[in-house]
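Shown next, in structure tokens, is the structure this report addresses.
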Amino acid sequence: MNPGCLDKAGIEDALMHLAASRDVFAPVREGGTLEFRRLPAGGLVFLGPEKTLLPLKTLYLPMTEDVFSRCMKAGETGMEIAAPMERDRVVFGALGCDIATLHLLDPVLLGEPPDEAYRERRERTAIVALACKGEGPECFCSSCDIDPACPGGSDVVLTDVGDAFLFDALTEKGSRILETLDGRLREATDDELATARSFDSTAADNIPLAKIPEDFADLWEADLWDDLASRCIGCGVCTLLCPTCYCFDVQDEQRGTESKRFKTWDSCMFSEFTRMAGGDNPRDTKRSRVRQRFLHKLQYYSSEHGKAACVGCGRCRVHCPVGIGIDEVITRLARGKVPGEVKGGGE
Amino acid sequence: MSEHGMPETTMEDNLRTTAAEFLGRTPGACFIGYEAAPQGGTRPVFLRSAGDAGRLVWNRWCYANLTAYLPEMNGGEGLIGIAVKGCDARALRELVRAGQIERARLFVVGLPCTGLSALDGDTLAGRCHGCMYPEDFVYDATLGPMETPDLPHRADVAVEENPAGKTVEERRRFWEAELDRCIRCEACRKICYACYCPECIFEKTDPRWSSRRRDHADKFFFHAVRAMHLAGRCIGCGECERACPAGVRLMLLNRSLQRDVEVLFGYRGAGVDENVAPPLTTVSRDDPEFTVERTSP
Numbered sequence: 017m018n019p020g021c022l023d024k025a026g027i028e029d030a031l032m033h034l035a036a037s038r039d040v041f042a043p044v045r046e047g048g049t050l051e052f053r054r055l056p057a058g059g060l061v062f063l064g065p066e067k068t069l070l071p072l073k074t075l076y077l078p079m080t081e082d083v084f085s086r087c088m089k090a091g092e093t094g095m096e097i098a099a100p101m102e103r104d105r106v107v108f109g110a111l112g113c114d115i116a117t118l119h120l121l122d123p124v125l126l127g128e129p130p131d132e133a134y135r136e137r138r139e140r141t142a143i144v145a146l147a148c149k150g151e152g153p154e155c156f157c158s159s160c161d162i163d164p165a166c167p168g169g170s171d172v173v174l175t176d177v178g179d180a181f182l183f184d185a186l187t188e189k190g191s192r193i194l195e196t197l198d199g200r201l202r203e204a205t206d207d208e209l210a211t212a213r214s215f216d217s218t219a220a221d222n223i224p225l226a227k228i229p230e231d232f233a234d235l236w237e238a239d240l241w242d243d244l245a246s247r248c249i250g251c252g253v254c255t256l257l258c259p260t261c262y263c264f265d266v267q268d269e270q271r272g273t274e275s276k277r278f279k280t281w282d283s284c285m286f287s288e289f290t291r292m293a294g295g296d297n298p299r300d301t302k303r304s305r306v307r308q309r310f311l312h313k314l315q316y317y318s319s320e321h322g323k324a325a326c327v328g329c330g331r332c333r334v335h336c337p338v339g340i341g342i343d344e345v346i347t348r349l350a351r352g353k354v355p356g357e358v359k360g361g362g363e
Numbered sequence: 009m010s011e012h013g014m015p016e017t018t019m020e021d022n023l024r025t026t027a028a029e030f031l032g033r034t035p036g037a038c039f040i041g042y043e044a045a046p047q048g049g050t051r052p053v054f055l056r057s058a059g060d061a062g063r064l065v066w067n068r069w070c071y072a073n074l075t076a077y078l079p080e081m082n083g084g085e086g087l088i089g090i091a092v093k094g095c096d097a098r099a100l101r102e103l104v105r106a107g108q109i110e111r112a113r114l115f116v117v118g119l120p121c122t123g124l125s126a127l128d129g130d131t132l133a134g135r136c137h138g139c140m141y142p143e144d145f146v147y148d149a150t151l152g153p154m155e156t157p158d159l160p161h162r163a164d165v166a167v168e169e170n171p172a173g174k175t176v177e178e179r180r181r182f183w184e185a186e187l188d189r190c191i192r193c194e195a196c197r198k199i200c201y202a203c204y205c206p207e208c209i210f211e212k213t214d215p216r217w218s219s220r221r222r223d224h225a226d227k228f229f230f231h232a233v234r235a236m237h238l239a240g241r242c243i244g245c246g247e248c249e250r251a252c253p254a255g256v257r258l259m260l261l262n263r264s265l266q267r268d269v270e271v272l273f274g275y276r277g278a279g280v281d282e283n284v285a286p287p288l289t290t291v292s293r294d295d296p297e298f299t300v301e302r303t304s305p
């Protein structure tokens with residue numbers, strides 16, 4: 017299907033039209049934060065190159081998600097498996113960094129046995145990406161082999177061409193969305209097509225992700241970990257906001273005669289993350305937890321799956337209350353010999 | 009120029025010299041101060057060698073309350089140099105009082121702060137409204153006179169000006185919307201100087217006092233417990249609010265409780281007076297609700 021244009025003034029109406037036949041999610045500004053919300057939502061839909069606070073992964077691996085519930089009332093005992101979704105979904109305005117994440121989550125969550133809820137959400141969700149230049153001061157997606165101007169893995173790419181968005185379908189799923197919107201889309205002008213073609217990334221491409229030594233033993237005792245642990249407060253903001261972190265906990269809770277099993281995000285930065293039932297904790301220092309977080313992303317994941325689990329979105333560096341950014345860590349690890357830093361009070 | 013007439017750069021030079029001298033004469037010591045963060049602003053830094061003192065900075069973006077690092081260093085070896093603003097000195101006084109760090113291990117450098125900059129501009133940071141330096145606090149070195157600067161007072165602690173609203177229903181709705189954004193990272197408690205329990209009840213897994221479902225009830229429970237545990241102990245440094253990635257207005261809760269303690273106990277604030285401990289950490293036989301005698305055999 018040929019690319020079509022939709023004037024910005026008509027976007028909300030088009031989204032609501034789509035929402036009649038499927039669940040539509042888009043970044044919505046409400047109460048000071050930008051988050052993906054199902055439409056219609058209370059705040060204003062925002063389609064622009066600004067990252068949501070919580071990454072796209074929330075729509076695939078929700079912060080808290082029921083697995084099943086059980087009723088234990090006499091005569092009414094039973095178990096109900098939670099359904100991950102009812103209608104097909106379309107996500108509008110996802111950025112290249114966030115979409116690239118899904119390709120990093122897939123090998124983990126779709127391996128045998130697959131996470132069925134994740135699999136269903138992956139299969140039944142169409143992604144309408146927003147072309148982005150990666151202009152944020154925190155952006156380094158271009159260093160992670162991501163082209164934010166034409167995000168791979170999306171079904172439709174929207175490009176801001178001034179007063180309108182150019183809709184370009186990349187897949188069959190994407191073509192169906194354009195068909196649903198037919199009648200609202202007009203033909204793009206030559207100027208608009210030229211604007212879209214010249215759209216290019218300006219994100220930092222000099223973060224040496226590929227230069228991290230392959231032998232992790234070299235990095236295991238690096239002073240870098242002491243330096244980071246001394247200032248890290250272990251809050252886990254970096255992990256919860258990280259699009260590529262996927263660790264969750266499974267818990268059971270009983271209220272009255274009903275009990276639920278649910279999954280909920282966990283964080284390797286939390287001290288209880290590795291605590292055994294008997295009390296032992298194999299990662300009982302901040303130093304060991306900080307090291308785990310970075311080596312998992314930058315070394316263990318890449319040796320297993322061929323590339324590092326970082327998409328250069330920069331959320332960790334923006335939101336870390338004590339100024340730790342993964343870009344700095346990558347740069348320092350890539351130097352091989354991590355410069356001798358001080359040992360702090362992090363233990 | 010600072011309000012004390014001393015250019016900030018000279019203060020920064022003095023800070024570096026002071027820290028270098030301290031580290032030079034006390035082998036095995038560390039100095040906790042601020043350095044420039046690669047992404048702009050400042051961040052905490054732990055120095056061990058006099059040669060690194062040049063990394064230290066002192067400016068209107070030195071937000072971190074560095075005393076929050078002290079409890080985890082308690083019981084360890086070596087002297088600790090630490091840079092503190094007036095508000096942080098109040099925290100330090102309470103940590104020493106609570107046995108969370110030995111005063112004798114510390115080399116305390118006072119930073120004469122005349123107010124931090126708001127995160128999003130050049131105006132005065134909200135946390136600095138109502139600034140109060142500790143009386144009679146003894147520093148080991150200072151970069152200038154450690155006196156409470158003349159800064160605006162707080163207005164929003166009064167119920168009638170509380171942005172959360174006047175009625176209980178309004179406030180419930182306000183907090184529901186605020187806490188809807190909370191992701192239970194608990195950065196607010198982890199950055200707090202006064203949260204020094206070796207194991208927070210929110211980290212306990214047996215018994216698990218609070219669900220990890222992150223629903224509204226859990227969030228209300230977490231924030232209510234956190235705020236109540238800080239009643240009379242919060243120094244108003246505002247670090248919890250800065251650390252919150254979702255911008256939850258935690259200081260509204262904290263200030264409201266500090267005001268209650270002020271009104272109920274005639275208490276001026278944590279760490280303000282060497283001789284007055286936070287009311288909820290003390291017990292008195294004159295207390296009208298003193299119950300120890302009644303319940304003892």
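So the sequence lines, in the order shown, correspond to chains A and B. The first sequence begins at 17 in the numbering used here and counts up one residue at a time. The second sequence begins at 9 in the numbering used here and counts up one residue at a time. The C-beta atom is built at its ideal place from N, Cα and C for all residues, glycine as well. Every value quoted in this text rests on a predicted model; they were computed, and no experiment measured them.
- Here residue 125 of chain A has 131 and 134 as same chain residues with Cβ atoms under 6 angstroms from its own Cβ, once five neighbours each way along the sequence are excluded.
- Within the segment 254-273 of chain A, the residues whose Cβ lies closer than 8 angstroms to any Cβ of chain B are, in chain order, 256, 257, 265, 267 and 269.
- Rounded to whole angstroms, the gap between the alpha carbons of residue 54 of chain A and residue 61 of chain A is 10 angstroms.
- As computed with DSSP, residue 43 of chain A is found in a beta bridge with A:52.
- As computed with DSSP, residue 89 of chain B is found in a beta bridge with B:39 and B:115.
- Proximity of residue 283 of chain A to chain B, defined by a Cβ-Cβ separation below 9 angstroms, is satisfied.
- A:121 is the residue among A:121, A:48, A:151 and A:145 whose C-alpha sits nearest the C-alpha of residue 137 of chain A.
- Listed along chain A, the residues sitting closer than 9 angstroms to residue 49 of chain B by beta-carbon distance are 339.
- Within the same chain, and ignoring the five residues on either side of residue 194 of chain A in sequence, the residues whose Cβ sits closer than 8 angstroms to its Cβ are 17, 20, 172, 183, 185 and 201.
- DSSP places residue 236 of chain A in the helix class (H, G or I) of the three-state scheme.
- Residue 124 of chain B and residue 71 of chain B do touch by the CB rule: their CB atoms are close to 6 angstroms apart, below 8 angstroms.
- DSSP lists no beta-bridge partner residue for residue 159 of chain A.
- At least one CB atom of chain B sits nearer than 9 angstroms to the CB of residue 291 of chain A.
- By the criterion of at least three beta-carbon pairs nearer than 8 angstroms, the segment 60-78 of chain A is not in contact with the segment 236-254 of chain A.
- Scanning chain A for C-beta atoms nearer than 9 angstroms to the C-beta of residue 194 of chain B yields 251, 252 and 286, reported in chain order.
- Residue 213 of chain B belongs to the set of residues whose beta carbon lies under 9 angstroms from a beta carbon in chain A.
- Closest in C-alpha terms to residue 104 of chain A, from the list A:234, A:330 and A:34, comes A:34.
- What residue 278 of chain A touches in chain B, judged by beta-carbon distance under 7 angstroms, is 221, going in chain order.
- Between residue 95 of chain B and residue 67 of chain B, the C-beta spacing is not below 9 angstroms.
- Shown here, residue 261 of chain B sits in a helix according to DSSP, grouped into three states.
- Cα atoms of residue 78 of chain B and residue 297 of chain B: separation of roughly 34 angstroms, rounded to the nearest angstrom.
- Of all residues in the segment 233-247 of chain A, only 243, 246 and 247 come within less than 8 angstroms of chain B when Cβ atoms are compared, listed by chain position.
- With respect to the C-alpha of residue 218 of chain B, the residue from A:179, A:227 and A:270 having the closest C-alpha is A:270.
- Its Cα nearest to that of residue 48 of chain A, the residue B:186 stands out among B:186, B:210, B:24 and B:247.
- Any Cβ of chain B closer than 9 angstroms to the Cβ of residue 139 of chain A would place that residue at the interface, and such an atom is absent.
- Taking a C-beta cut-off of 7 angstroms against chain A, the contacting residues of the segment 238-272 of chain B are 250, 251, 253, 254 and 255, listed in chain order.
- Residue 249 of chain B sits buried, since 16 or more C-beta atoms from the chains shown fall within 10 Å of its C-beta.
- The closest CA to that of residue 209 of chain B, considering only B:61, B:145, B:201 and B:194, is found on B:194.
- Here residue 213 of chain A is not near residue 52 of chain B, since their CB atoms are 9 angstroms or more apart.
- When secondary structure is reduced to three states using DSSP, residue 95 of chain A falls in the strand class.
- Close to residue 198 of chain B, with beta-carbon spacing below 7 angstroms, are these residues of chain A in chain order: 249, 250 and 251.
- Taking CB atoms only, residue 110 of chain B has no neighbour in chain A less than 9 angstroms away.
- A residue is called buried when at least 16 other Cβ atoms come within 10 angstroms of its Cβ; residue 88 of chain A does not meet this threshold and is exposed.
- DSSP places residue 224 of chain A in the coil class of the three-state scheme, outside both helix and strand.
- For residue 109 of chain A, the enclosing beta strand (DSSP E) begins and ends at 105-110.
- Among the residues facing chain B, residue 150 of chain A is not included, as its CB has no counterpart in that chain under 9 angstroms away.
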